[in-house]
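The sequence shown begins at 354 in the working numbering and counts up by one. Idealized CB from N, CA, C, for every residue including glycine. Given the structure is predicted, the values throughout are model-derived calculations rather than measurements. Heads up, the thing below is written out as structure tokens.
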Amino acid sequence: MDVSFNIVAARKLFALWGGALTTDCSQQLAKYQQCVFKNQDNDWVSACKKEAKAVTDCADQKVLGLQKLKQQCGNEIKSFRDCVQRNGTEDEDVIRVACMTDMNRLWDCTENFHDTLMDQGSGYGSGSSSSSGSQRKSS
């Protein structure tokens, strides 16, 4: 997971692995959120790289299945990341419009990944917590 994936797909991550992230990576997540709020009027993507990396590193270590998701949705993650980086200095609404197609493709890929795991009887989470719920986007 990279910075752009953390930022815009946070809702999806929470739906898939919210329990593991908030339990096992709570300190890193809190520092990242504080940095984003503190720098929201500036280039918070650049300002919060260190905090975003800490969340990423923690999630990579603690959240089971995340590496498989990255492999399965790697192209979608890259496309979305590239779009966010191209438009990163723009207003949030501009980024949302510019990157909506890439974000939807990433969302769909994570939904397919989730459905596959659920069909296989696998779950999410870490050694200390588990989350198997999914919030689907409304059409």
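Nearest-angstrom Cα distance between residue i and residue j?
i	j	result
G418	S379	19 Å
D472	Q438	35 Å
V398	K415	23 Å
D444	F390	15 Å
D446	K431	21 Å
Return yes when the Cβ of residue j is within less than 9 Å of the Cβ of residue i, no when it is not.
i	j	result
C452	F466	no
D396	G441	yes
C462	Q425	yes
D413	Q420	yes
Kindly list the residues whose CB is nearer than 8 Å to the CB of residue i, restricted to its own chain and excluding five residues on each side of it in sequence; keep chain order.
i	result
Y385	N359, C401, E404, A405, A407 and V408
N392	A400 and C401
Leaving aside the five residues before and after residue i along the sequence, list all residues of the same chain whose C-beta is less than 7 Å from its C-beta, in chain order.
i	result
C436	A451, C452 and D455
Hey, is residue i close to the ligand NAD, as in C-beta under 8 Å from one of its heavy atoms?
i	result
E404	As presented, the structure is devoid of all ligands, the ligand NAD included, so that no description of it is given.
So the candidates are the options; which of them puts its Cα closest to the Cα of residue i?
i	options	result
R458	E429, D446 and V398	E429
D468	L422, K431, D446 and D444	L422
W460	V447, G427 and D444	G427
Starting from the C-beta of residue i, find all residues in its chain whose C-beta is less than 6 Å away, skip the five residues before and the five after it, and write them out in chain order.
i	result
I448	N440
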